[in-house]
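*Asks:* Protein chains in written order, with the UniProt record's numbering: chain A, 1 to 246; chain B, 1 to 246.
Encoded as C-alpha cells, here's the structure I'll be asking about.
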DNA sequence: CGCCCGCGCTGACCTGGGTCAACGCGGATC
DNA sequence: GATCCGCGTTGACCCAGGTCAGCGCGGGCG
C-alpha cells in the first residue's frame, strides 16, 4: 500500500471445485466449473497490500472475488493513479483485460482477500459450449461499461454529490445490501476515495465532516453509518447547499 | 439537434450482403455475414439530427457505422447531457446495450450517416458457431471499457490537455489516420465537445483560440488543421502553461 | 429582402475545490 | 518507553474554469 515499497506478487494457490461453495450457483465460477471448465479453477489468498496483478503483466485469467476487497487502478504516464473501482465479493476482476495479452489495469487487495482464478483457456472452452455462460460474461462486460459511463457522469458533479453517490453505492453493494442505519466498513483510505472520485484527499475529508455535521452520516475513519438515507440521496441529487433546481 | 425539437426516428432500411462492401473483411459485419448470420443484416441512412436509437427503447441490434458520424450520449436525471463519444465509420454502436433489453444510451447522427444493422438474434447465432466472432466481439467490448477508462482519466486533466488529447485522438481515428498537416472535418459542435470533455462551451472556445494563437492549430468552425503535432502532444502531456514536472 | 435564431467567440466576475502547511493520532519498530 | 511515519483533519490562500452577458455572423425562412 505504501507509495514506495512495491511488494512482489505472491499467491498461495490451491485447486478448487465449486460444488458446495457458499457463493452458490449465481457465481460466475460455478457456471464455469461445469463441462470443459470443470476442475480448472484455483483459489488464492492475498494479504492487504498484495497485488493480484499489475498493469502490463501477461493476463491469462479472470478472478472472482470471494472475500475481502480490492482496488482496481491504472497509473497514467505522469505517475498519477486513477482508481477505477473497488471490487467486493461476488465481483469479477480482470474483465477489462480479458481480450488482451496483458493486464490493462492493476488490482491490489485493500483487505485480506480471497479470489477464485478462472483460467482464460477454461473460459474460452466454456464460452464455446454454453450460451448461458456467454450471456453471463457479456452481461458482466456490459455492466462494467455502464458502471464506467455512470462514473464518467459523476466526474461532472460537485464534491458533495460524488461522495454521497459513492457512499450510497458502496452501502448498497456491501454484503447484505444494508442501506439502512447499521454501521459498515469502508476498507479504502481517503486517498483511495479521492483518486476514485477525482477529488483531493483534503476535499474528501472536508466533505465527510460536512456530511457528519449535517447529520446525514456518523462514524470515524474506516467505519461509517448512514444516519439519514433520504438526506444523502437528496444531496446526491442536488448537492449540499441547495443549488439550481432540476 | 435542437434542444427542443425531438425528431422522431425513421430509417430507410434495405437488405444487405457484405460481399463486395468497401469496408472489407476486417468489418465486424463481414464476420457476421457468414454462417448463420448470412443475409440477416440491413443498411440504413440517417440525416443529421436523426436518432439511431434512444435510451430506454428496446434494443435488439448492433450497428456498424459505415459512413458519416454519430454522437453517443446519456441524459442524466437532472437533464444534463453526457456525451460518451463520437462514433466514426468502422466503429460499432450499441455495444453497451448488447446484453440489455433496452438501450442504455442514445445515438444521434451529427452528419449524414449510414449504418449496417446486425440483429441480436443473428449475433447470438454467430457467437455460438464462431470462436473468431466471439473473440472479435469481446475485443470490441474490452476496447470500449478501456476507452472509458482513459476518458475517466481525461476528466482529471486541465482544459488544454483535454482538448489537445481530443484533437489528437480525433485526428488519429479519422479516415486515413492523418495526424499530419492536412485539414480535417470536426462534425461536432463546440457544445458537443464540451459535453464530451466535461467543459463549458465557452471554455472549449477559449482553448481553441489559445491553441490557434500558440500556432499549434489553425482553422475555423467545423474544419481544423493541426499545424504542430509535437506541440499539441506536449500540451496533452503537461498542459499549456508549463506546470508540475512529470 | 429583412428577420430570427443558434452558434461561436470574448470579457468580467465569482467560486469550488486544489494546494500548501500544520497538527493530532495511532500503529509499528526498536 | 521514545521515535517515526502514514493517515486524517483543518485552515489559509489562490486559480482554473464555470457563469453570465454581450456581440458578430451565417443560414433558414417568411
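In this text, a Cβ means the ideal position worked out from N, Cα and C, and glycines have one as well.
Smallest Cα separation from residue 222(A): which of 205(A), 232(A) and 229(A)?
*Replies:* The shortest C-alpha separation from residue 222(A) is found at 205(A).
*Asks:* Considering only their Cβ atoms, is the gap separating residue 93(A) from residue 52(A) smaller than 8 Å?
*Replies:* Yes, the Cβ-Cβ distance between residue 52(A) and residue 93(A) is below 8 Å.
*Asks:* Should residue 131(B) be flagged as near chain A, meaning a C-beta pair shorter than 8 Å?
*Replies:* It does; some Cβ of chain A falls within 8 Å.
*Asks:* Alpha carbon to alpha carbon, how far is residue 126(A) from residue 38(A)?
*Replies:* Cα to Cα, the separation comes out at about 9 Å.
*Asks:* At the level of alpha carbons, what is the spacing between residue 195(A) and residue 129(B)?
*Replies:* Rounded to the nearest angstrom, the two C-alpha atoms are 43 Å apart.
*Asks:* When the distance is taken between beta carbons, is residue 235(A) closer than 8 Å to residue 145(B)?
*Replies:* For residue 145(B) and residue 235(A), no; Cβs fall outside 8 Å.
*Asks:* Based on the DSSP secondary-structure assignment, which residues constitute the bridge partners of residue 183(B)?
*Replies:* Paired residue(s): none; residue 183(B) is not in a bridge.
*Asks:* Comparing the C-beta of residue 99(A) with each C-beta of chain B, is any distance below 8 Å?
*Replies:* Output row for residue 99(A): interface = yes.
*Asks:* What would DSSP say about residue 104(B), mapped onto helix, strand or coil?
*Replies:* In this structure, residue 104(B) counts as coil in the three-state DSSP scheme.
*Asks:* Starting from the C-beta of residue 105(B), find all residues in its chain whose C-beta is less than 8 Å away, skip the five residues before and the five after it, and write them out in chain order.
*Replies:* If we look at residue 105(B) and ignore the five residues flanking it on each side, its Cβ neighbours are 55, 72, 73, 74, 84, 96 and 97.
*Asks:* To which residues of the same chain is residue 233(B) closer than 7 Å at the C-beta, ignoring the five residues directly before and after it?
*Replies:* Result list for residue 233(B): 168, in chain order.
*Asks:* Measuring only the C-alpha atoms, how far is residue 79(B) from residue 153(A)?
*Replies:* Approximately 12 Å, taken between the alpha carbons.
*Asks:* Could you check whether the Cβ of residue 145(B) sits closer than 8 Å to any Cβ belonging to chain A?
*Replies:* Output row for residue 145(B): interface = yes.
*Asks:* Could you check if residue 26(A) is buried or exposed, using at least 16 other CB atoms within 10 Å of its CB as the buried criterion?
*Replies:* Classification for residue 26(A): exposed.
*Asks:* Taking the straight line between their C-alpha atoms, what separation do you get for residue 191(A) and residue 110(A)?
*Replies:* C-alpha separation (whole angstroms): 12 Å.
*Asks:* Measuring only between beta-carbons, confirm whether residue 135(B) sits less than 8 Å from chain A.
*Replies:* Chain A contact via Cβ: present.
*Asks:* Applying a beta-carbon distance threshold of less than 8 Å, which residues of chain B neighbour residue 141(A)?
*Replies:* In chain order: 99, 138, 141, 142 and 145.
*Asks:* I'd like to know whether the C-beta of residue 37(B) is nearer than 8 Å to at least one C-beta of chain A.
*Replies:* It does not: the Cβ of residue 37(B) has no partner Cβ on chain A nearer than 8 Å.
*Asks:* Within the same chain, show all residues whose beta-carbon is closer than 7 Å to that of residue 159(B), passing over the 5 residues directly before and after it, in chain order.
*Replies:* Cβ neighbours of residue 159(B) beyond the five flanking positions: 199, 203 and 207.
*Asks:* Roughly how far, in whole angstroms, is the beta-carbon of residue 133(B) from the beta-carbon of residue 32(B), given that I think they are within contact range, below 8 Å?
*Replies:* About 7 Å separates the two Cβ atoms, so the contact holds.
*Asks:* Along the alpha helix (DSSP H) that carries residue 138(A), what are the first and last residues, could you check?
*Replies:* Unbroken alpha helix (DSSP H) run through residue 138(A): 131-154.
*Asks:* Enumerate in chain order the residues of its own chain whose CB-to-CB distance from residue 115(B) is below 6 Å, with the five nearest sequence positions on each side excluded.
*Replies:* Taken in chain order, the residues that qualify are 44, 63 and 65.
*Asks:* Mark residue 86(A) as exposed unless 16 or more other C-beta atoms lie within 10 angstroms of its C-beta, in which case mark it buried.
*Replies:* Buried.
*Asks:* Under three-state DSSP, which class holds residue 88(B)?
*Replies:* Residue state, collapsed to three classes: coil.
*Asks:* I need the boundaries of the beta strand (DSSP E) containing residue 69(A), first residue and last residue.
*Replies:* Counting along the chain, the beta strand (DSSP E) containing residue 69(A) begins and ends at 61-75.
*Asks:* On the three-state DSSP scale, how would you describe residue 42(A)?
*Replies:* DSSP places residue 42(A) in strand when its eight states are reduced to three.
*Asks:* With a 10 Å radius around its C-beta and 16 neighbouring C-beta atoms as the bar for buried, classify residue 17(B) as buried or exposed.
*Replies:* Exposed, by the Cβ-count rule.
*Asks:* My guess is that residue 113(B) and residue 68(B) are in contact by the Cβ rule of under 8 Å, so how many angstroms apart are they, rounded?
*Replies:* About 3 Å; that satisfies the 8 Å criterion.
*Asks:* Along chain B, which residues have their Cβ under 7 Å away from the Cβ of residue 76(A)?
*Replies:* Those are 153, listed as they occur along chain B.
*Asks:* Between the Cα of residue 41(A) and the Cα atoms of 100(A), 91(A) and 120(A), which residue gives the shortest distance?
*Replies:* Ranking the options by Cα distance to residue 41(A), first place goes to 120(A).
*Asks:* Is the Cβ of residue 4(B) closer than 8 Å to any Cβ of chain A?
*Replies:* At residue 4(B) the pLDDT is 37, less than 50, meaning the model places this residue with poor confidence and gives no usable figure here.
*Asks:* With distance defined between alpha-carbon atoms, name the residue in 108(A), 36(A), 228(A) and 102(A) nearest to residue 58(A).
*Replies:* Nearest of 108(A), 36(A), 228(A) and 102(A) to residue 58(A), Cα basis: 102(A).
*Asks:* Kindly indicate which three-state DSSP category residue 25(B) falls into: helix, strand or coil?
*Replies:* If DSSP states are grouped into helix, strand and coil, residue 25(B) belongs with coil.
*Asks:* What residues in its chain sit with their C-beta under 7 Å from that of residue 162(B), if we drop five residues either side in the sequence?
*Replies:* Around residue 162(B): 154, 197 and 199.
*Asks:* Go to residue 52(B), then tell me how far its beta strand (DSSP E) extends in each direction, as first and last residue.
*Replies:* Where residue 52(B) is concerned, the enclosing beta strand (DSSP E) stretches over 51-53.
*Asks:* Pull up the CB-CB distance for residue 225(B) and residue 182(B), whole angstroms please, since I reckon it's below 8 Å.
*Replies:* About 7 Å; that satisfies the 8 Å criterion.
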